[in-house]
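Participant:
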Amino acid sequence: MNPHANQPFAEPTPGDRTAQSVLIGVIALFVVVLTLGWSKLIGAWFSPGLSFAAWLVALGMALVAVVLAKGVALEKIRLRLMAVGAAARADFTWVAYFAALFVISALGTMNTAFYFGEGKQVLTEAIDHANEDLASLQASAPKLLSDPQLEQKKASINRLLSNLEAEISSANGGNNCGVAASSREIIRELAVVLPGFRQLSGSTGFTCAGNEARFKALALSYRNQAYQLLRNHPDYVAVNGERKERLQATVRERVTQENQRLMAAKAQLDGAADGAAKPGGAYGEAKNALEAASTTYSQLLVELEQVSGARTSLPRAIAVDQARQLGSIAQIVPSMVGRLDRLTTWFYFLIAISADVILIMCFMRVFGAGRREGGARQNGREHVQTKTDLNFLWVNP
1 MNPHANQPFA EPTPGDRTAQ SVLIGVIALF VVVLTLGWSK LIGAWFSPGL SFAAWLVALG
61 MALVAVVLAK GVALEKIRLR LMAVGAAARA DFTWVAYFAA LFVISALGTM NTAFYFGEGK
121 QVLTEAIDHA NEDLASLQAS APKLLSDPQL EQKKASINRL LSNLEAEISS ANGGNNCGVA
181 ASSREIIREL AVVLPGFRQL SGSTGFTCAG NEARFKALAL SYRNQAYQLL RNHPDYVAVN
241 GERKERLQAT VRERVTQENQ RLMAAKAQLD GAADGAAKPG GAYGEAKNAL EAASTTYSQL
301 LVELEQVSGA RTSLPRAIAV DQARQLGSIA QIVPSMVGRL DRLTTWFYFL IAISADVILI
361 MCFMRVFGAG RREGGARQNG REHVQTKTDL NFLWVNP
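Residue 141 in full-length UniProt numbering sits at position 141 of the sequence shown, and the numbers go up by one each step.
1) Have a look at Ser-136 and Glu-165 and give me their C-alpha separation to the nearest angstrom.
2) Tell me where the alpha helix (DSSP H) around residue 403 begins and ends.
3) Expressed to the nearest angstrom, what Euclidean distance is found between the alpha-carbon atoms of Ala-65 and Leu-101?
4) For Ala-319 and Ala-126, I'd like the C-alpha separation in whole angstroms.
5) Does the stretch 252-268 come close enough to the stretch 214-230 that 3 or more CB-CB pairs lie under 8 Å?
6) At what residues does the alpha helix (DSSP H) containing Trp-55 begin and finish?
7) Work out the CA separation of Ala-58 and Ile-42 for me, nearest whole Å.
8) Go to Asp-321, then tell me how far its alpha helix (DSSP H) extends in each direction, as first and last residue.
9) Would Gly-368 and Ile-77 be called neighbours here (beta carbons separated by less than 8 Å)?
10) Would you say the stretch 282-294 touches the stretch 142-153, given that touching needs at least three Cβ pairs under 8 Å?
11) Alpha carbons only, please: which of Glu-303, Val-302, Tyr-222, Gly-108 is nearest the one belonging to Lys-40?
12) How many Å lie between Arg-261 and Ala-293 at the Cα?
13) State buried or exposed for Lys-143, treating a residue as buried only when at least 16 other CB atoms are found within 10 Å of its CB.
14) Relative to the alpha-carbon of Arg-159, which residue among Val-72, Asp-128, Ala-181, Val-193 has its alpha-carbon at the smallest distance?
15) Quick test of your reading: Lys-244 and Val-307, contact by CB under 8 Å. State the CB separation rounded to the nearest angstrom.
16) Tell whether a beta-carbon distance below 8 Å holds between Ala-53 and Val-366.
17) Going straight from the alpha carbon of Glu-132 to that of Arg-311, what length do you get?
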């Protein structure tokens, strides 16, 4: 029997106690980072009322990663001790442990780093793209809803109205307040384009000269008369002109509203809104603004195509999936792969690997330092075997 088989651990030295303290700190930080990352990864799987369950599962994943790191460390210690004085057989148990550890910790660590390091940029880029899509939609509305003949008629009417206003505001026209010969000629031309258009001022008994309020009221009355006659014109009714004009106004109004909300969310992301916006709150507002913009865009696009009867080449929806799923397990891998050309992505990989290696090294330092080297080297498997069993590790972390 090996006389060192049951040799006790040496009394811990101050250096050992320091290593143990460092290990506890590293484990705590490791668990916090992984729990936070995994809670974001799987949060979408749980309803708001069960959000605590996501945190519990995330904590469980973090603890599994810690146990796996301990298993890797103890396997490496055993193999190192067995290799002294004799060739150790090939044993890659630690590789399996490390592979499982890396999958769990890399997803959690990289997601935490990506969420807080790249989340702002992802959302900012999504907001910029959303504004571009909304601008394209608004620019397309007049093209989709306009009728060439009707637009030509409207241009002619606006030209004549501008001429009439210029004549009334002139020195001679102002004295006659729109009933001088030149004004009456323009009114006759308007009556040809818009049957029923008539003179409003009626007599030369008063003047518009020097009376800005009277001139503006008269000019507005002429324009209102023209627009009302246009809306009742057969050409206007035939092309559903009133509905198209209302829709164009709706597009302008709603796009403006969404632009304003998106820019407010972007300002909050930049910290300009309140100077100290919390990432969670700012992220949530940005996501909500993007969702609202996407919904508005899709609704307006469908209505524009229905009213115009034309199919556009515009995107069918604003691309907000990456922003919507920021932090989720469905997003992290595609996002990281799509950003392999960025230095920060490789930095996140380095963080994930470094976290695993540091934790394993801390375990090796603590569990390797307490063993009397001579006996452990002769009986490495017997002394360490139990500690590499995962069932034992759960009970003896």
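For each residue, glycine too, the CB sits at the ideal point set by N, CA and C. Computed from a predicted structure; not experimentally measured.
Facilitator: From the atom records:
1) 35 Å
2) Outside the shown range of the chain (1 to 397) lies residue 403, about which nothing can therefore be said.
3) 5 Å
4) 8 Å
5) no
6) 51-82
7) 8 Å
8) 321-324
9) yes
10) no
11) Gly-108
12) 9 Å
13) exposed
14) Val-193
15) 6 Å
16) no
17) 20 Å
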